[in-house]
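If you read the sequence shown in the UniProt record's numbering, its first letter stands for residue 1, the second for the next number, and so on.
For reference, the structure discussed in these notes is given below.
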Amino acid sequence: MYEEPLDQSALAQLFTEARSHNGWLDQPVPDSLLEAIYNLTKMGPTSANCSPARFVFVRTRQGKELLRPCLSSGNLEKTMSAPVTVIVAYDSRFYDALPELFPHADARSWFTGSPEMIYETAFRNSSMQAAYFIMAARSLGLDTGPMSGFDPKALDAAFFSDSHWKSNLLINLGYGDSSKVFDRLPRLAYSKACILT
């Protein structure tokens with residue numbers, strides 16, 4: 001196990017100097033790098049190793065045009081200009097993979113017959129996996145722009161009409177244009193956000 005803390009340069013790349021990007025350089029992201037990001041992302045923990053997140057890498061003009069009518073006006077330009085837009089979705093039948101992913105118990109039976117638990121587990125864990133994805137992308141030298149601001153019903157109809165996948169959020173991905181980064185907004189102080197008990 002790795003017990004040494006990351007150095008300040010790595011922490012800056014992942015957290016303290018990393019930013020959400022709104023503009024992008026005209027520089028493509030190779031498919032091999034998308035696979036490398038996923039292969040890091042999948043290593044992050046999820047409850048019972050359920051791994052419900054699914055990722056659609058929208059990187060062609062045809063794919064972007066399919067995405068266009070689903071976007072809010074404020075997210076349109078930055079999304080259409082991003083080299084890749086990642087639809088982070090969740091598989092509402094993620095539990096069908098549990099015999100493979102969690103073989104030492106009948107974990108599938110924990111979810112069948114409980115729509116509320118299925119949704120809660122899928123949404124919570126796919127959201128965590130989206131955060132892992134952002135950190136994985138940053139660790140490999142890419143910039144990200146996670147966002148809501150889209151019509152999930154329209155997006156699901158456009159991309160997932162024949163599947164059990166449901167959209168959670170979008171992440172624009174590429175090499176950010178630093179001239180289009182907004183000033184960093186405040187964060188809550190430890191004393192306001194944390195309790196020791």
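Glycine is no exception: its CB is placed at the ideal position from the N, C-alpha and C atoms.
The structure presented is a predicted model; accordingly, all values stated were derived computationally and were not measured.
Beta-carbon separation of PRO69 and TRP24 under 8 Å? no
Test item: CB-CB of LEU173 and LEU142 under 8 Å: yes
Should LEU98 be labelled buried (16 or more other beta-carbon atoms within 10 Å of its own) or exposed? buried
Pop quiz: ALA89 and ARG54 are said to be a contact at Cβ under 8 Å. What is the actual Cβ separation, rounded to whole angstroms? 5 Å
How many Å lie between ASN22 and GLY145 at the Cα? 6 Å
How close, in whole Å, do the beta carbons of VAL56 and PHE159 come, if the pair is a contact with beta carbons under 8 Å? 6 Å
Quick one: grab the DSSP three-state call for PRO152. helix
Shortest alpha-carbon distance to LEU33 belongs to which of PHE150, SER139, THR197 and ILE195? SER139
Three or more C-beta pairs below 8 Å linking the stretch 123-137 and the stretch 171-189: yes
For GLY74 and TYR175, the rounded distance between their alpha carbons: 20 Å
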